[in-house]
Amino acid sequence: MTDSSRETDVRASLLQVGLEVIPVYGDDQSGWSLEPGPAMTRLPVYHTIEELFFALVNLNLSVEGSA
Numbered sequence: 001m002t003d004s005s006r007e008t009d010v011r012a013s014l015l016q017v018g019l020e021v022i023p024v025y026g027d028d029q030s031g032w033s034l035e036p037g038p039a040m041t042r043l044p045v046y047h048t049i050e051e052l053f054f055a056l057v058n059l060n061l062s063v064e065g066s067a
């Protein structure tokens, strides 16, 4: 008997923004997100890892509370 509720193997890529290292999930075909697996449908999905990187850079450079 198989357990269909078991999580699948998820690979993360690591992006360094300043001193912070952030795991990101996805690939160039399905897009990139900060959340793995099915949670990717709830958060913005970026077409390329570069788009996600620049979104993270902009969040880190903006004044706190203005992003």
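Under our numbering, think of the first position of the sequence shown as 1, with each following residue one higher.
C-beta: ideal position from N, C-alpha, C; glycine also.
Let's see if you can read the secondary structure: which residues bound the alpha helix (DSSP H) around residue i?
i, result
"Leu56", "49-61"
Let's test the definition: count the other Cβ atoms within 10 Å of the Cβ of residue i and tell me whether it reaches 16, buried, or not, exposed.
i, result
"Gly18", "exposed"
"Ser33", "buried"
"Trp59", "Here residue 59 turns out to be Leu, not Trp, going by the sequence shown. Classification for Leu59: exposed."
"Gly26", "buried"
Can you check whether the CB of residue j is closer than 9 Å to the CB of residue i?
i, j, result
"Leu15", "Leu61", "no"
If I follow the unbroken beta strand (DSSP E) through residue i, where does it start and stop?
i, result
"Tyr46", "Unbroken run through Tyr46: none, as it is neither H nor E."
"Pro36", "Counting along the chain, Pro36 falls outside any beta strand (DSSP E), and DSSP gives it neither H nor E."
From this set, the options, which residue's C-alpha is nearest residue i's C-alpha?
i, options, result
"Arg11", "Leu52, Tyr46, Pro36, Phe53", "Pro36"
"Gln29", "Ile22, Phe54, Thr48, Phe53", "Thr48"
"Val45", "Glu20, Phe53, Gly31", "Gly31"
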